[in-house]
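**Student:** Pasting a structure below so you can have a look.
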Amino acid sequence: MSQPVRAIKKTLRKEMRNLLDQIPLEKIEEETQGHAQKIMDCQNIMDVKNIIDCAIVTEKVFSSQEYLSSTHVSVYLSFPKAEISTKSIILDIFNKGKICYVPRWDGDYMEMVKLESLNDYSSLKVNKWNIPEPDHDQNRDIATQLDLILMPGLAFDLHRNRLGHGKGYYDKYLTKCRQWTKPPIA
55 MSQPVRAIKK
65 TLRKEMRNLL
75 DQIPLEKIEE
85 ETQGHAQKIM
95 DCQNIMDVKN
105 IIDCAIVTEK
115 VFSSQEYLSS
125 THVSVYLSFP
135 KAEISTKSII
145 LDIFNKGKIC
155 YVPRWDGDYM
165 EMVKLESLND
175 YSSLKVNKWN
185 IPEPDHDQNR
195 DIATQLDLIL
205 MPGLAFDLHR
215 NRLGHGKGYY
225 DKYLTKCRQW
235 TKPPIA
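Next comes the structure, spelled out in structure tokens:
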């Protein structure tokens with residue numbers, strides 16, 4: 055990647071982080087619970103917009119053919135104050151009998167590991183980024199085949215391109231997945 059492109063992406067990441075930092079954590083956590091009442095209770099039009107945006111994204115996932123037809127789903131664990139909460143998606147994955155995989159990091163390396171249940175998810179401890187993460191000392195099934203990967207991002211365009219947080223974890227992981235017999239939809 056050229057230096058001018060890196061500089062532009064760095065600036066865009068900073069601007070997106072500044073915008074996301076303005077969203078109250080409570081609003082991010084509540085995005086799919088009781089939308090109508092929350093919208094009526096909101097005093098700020100931006101709070102209403104954030105709740106609606108989160109609900110729209112979650113409903114689009116639930117109704118997408120890619121999600122409906124998938125069995126092995128990898129889903130990011132939300133970064134507080136910066137991403138749409140994935141709690142309701144994880145709940146739905148288990149309720150529908152799908153197999154849920156989540157990221158686990160080690161330095162510059164990321165792998166997707168299996169969550170066994172909602173209790174397993176609830177028991178995850180937060181890492182240095184304040185994101186729940188499976189313990190590195192636990193033996194877990196590592197994904198060798200996924201149907202769908204739900205990825206985080208600071209921004210997306212209409213062509214499904216994403217601007218990540220800048221560490222390249224998902225870019226590296228997707229490169230690895232392309233070597234599988236049946237690469238997942240990302």
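With the working numbering, letter number 54 in the sequence shown gets 108, and the count goes up by one each step, no holes. Yeah, the Cβ is synthetic: ideal placement off N, Cα and C, and Gly gets one too.
#1: Are LYS152 and SER124 close, meaning C-beta to C-beta below 8 angstroms?
#2: Here's a check: name, in chain order, each residue in its chain whose Cβ is nearer than 6 angstroms to the Cβ of PHE148, leaving out the five neighbours to either side.
#3: Checking 8 angstroms against the spacing of the C-beta atoms, do MET166 and ILE196 come in under that value?
#4: On the criterion of 16 or more Cβ atoms from any shown chain inside 10 Å, does GLY88 qualify as buried, or is it exposed?
#5: Using the Cβ count rule (16 or more neighbours within 10 Å means buried), how would you classify LYS141?
#6: Would you decide whether ARG232 is buried or exposed? Buried here means 16 or more other CB atoms lie within 10 Å of its CB.
#7: Just how far apart, CA to CA, sit LEU145 and LYS68?
#8: What number of angstroms, rounded off, separates the C-alpha of TRP234 from the C-alpha of LEU204?
**Tutor:** Taking the structure as given:
#1: Yes, the Cβ-Cβ distance between LYS152 and SER124 is below 8 angstroms.
#2: LEU172
#3: yes
#4: Note that GLY88 scores a pLDDT of 49, beneath 50, so its modelled location is shaky; the value from the coordinates is reported in the next line. With fewer than 16 neighbouring CB atoms inside 10 Å of its own CB, GLY88 falls in the exposed class.
#5: buried
#6: With fewer than 16 Cβ atoms within 10 Å of its Cβ, ARG232 is classed as exposed.
#7: One C-alpha to the other measures close to 32 angstroms.
#8: One C-alpha to the other measures close to 18 angstroms.
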